[in-house]
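Visitor: Residue numbers (our numbering): 1025 to 1240.
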């Protein structure tokens, strides 16, 4: 049901942007200059932020007040820094993406899920958040046997074109994608919004629907 709404189309070396058709939203991402290693693509600022993620994790968990300890524990491995499993690659398709935010005014909170889409193959994989007010989108790079690295930009819901990565430091976004359970991933951003210490998305694939889909 959601596939038509969330389809992500990649068109080679076209400039990043998006166009809406009657049946779906297509997002076009700059793809012409993708080297094999993400380190050669990342800005110096994002290299520093990614290196600092372990300390950001520690500060974020330490800042959760005792009154919210049970809420934190209920999220299980999703919020445990050392919970990453082998085989982190995201399968292409639609996902429910739920934001969890540590720190800031809410201390620790979970938001209603939005929808994201992953498109591509083993050589070229992209991630785009399709619904919500802040929409990260960009490329996913292989890294270790327990994580992938995301490099992209933010656009807001009113924008039809997102800036290219590296052109506007205020809009750049980097992060780490890890598998934390069966059909469960997390996307940890290297910097958080709204004065928070850490933002992460839980990524859960949307089950297929229609003829031939498994009974539920």
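Built from N, CA and C at the ideal position, the CB exists for glycine as well.
1) Nearest to residue 1154 by CA position, among 1148, 1182, 1146, is which residue?
2) Output the boundary residues of the beta strand (DSSP E) element that contains residue 1118.
3) What is the residue span of the beta strand (DSSP E) that residue 1202 lies within?
4) What did DSSP end up calling residue 1188 once you bin it into helix, strand or coil?
5) Check for me: the alpha helix (DSSP H) holding residue 1102 runs from which residue to which?
6) Check whether the Cβ atoms of residue 1106 and residue 1169 sit closer than 8 angstroms, and answer yes or no.
7) Can you tell me whether residue 1173 is buried or exposed, with buried defined as 16 or more other CB within 10 angstroms of its CB?
8) Quick test of your reading: residue 1128 and residue 1220, contact by CB under 8 angstroms. State the CB separation rounded to the nearest angstrom.
9) If I measure Cβ to Cβ from residue 1059 and keep anything under 8 angstroms in the same chain, skipping five residues before and after, which residues do I get?
10) How long is the line joining the alpha carbons of residue 1123 and residue 1102, rounded to whole angstroms?
11) Going by DSSP in three states, residue 1092 sits in which element: helix, strand or coil?
12) Less than 7 angstroms between C-beta atoms, sequence neighbours within five positions excluded: which residues of the same chain meet that for residue 1209?
13) Write down the C-beta distance between residue 1195 and residue 1178 rounded to the nearest angstrom, noting that I regard them as a contact closer than 8 angstroms.
14) Suppose you measure from the CA of residue 1232 to the CA of residue 1068; what does that come to, to the nearest Å?
15) Kindly confirm or deny that the stretch 1130-1142 and the stretch 1071-1090 touch, where touching means at least three C-beta pairs closer than 8 angstroms.
Guide: Looking at the coordinates:
1) 1182
2) 1117-1126
3) 1196-1205
4) coil
5) Run containing residue 1102: none; DSSP gives neither H nor E here.
6) no
7) buried
8) 4 angstroms
9) Residue confidence is low: residue 1059 scores 40 on pLDDT, short of 50, so the model does not pin down where it sits. No coordinate-derived value is stated.
10) 11 angstroms
11) helix
12) 1114, 1201, 1202, 1203, 1227
13) 5 angstroms
14) 40 angstroms
15) yes
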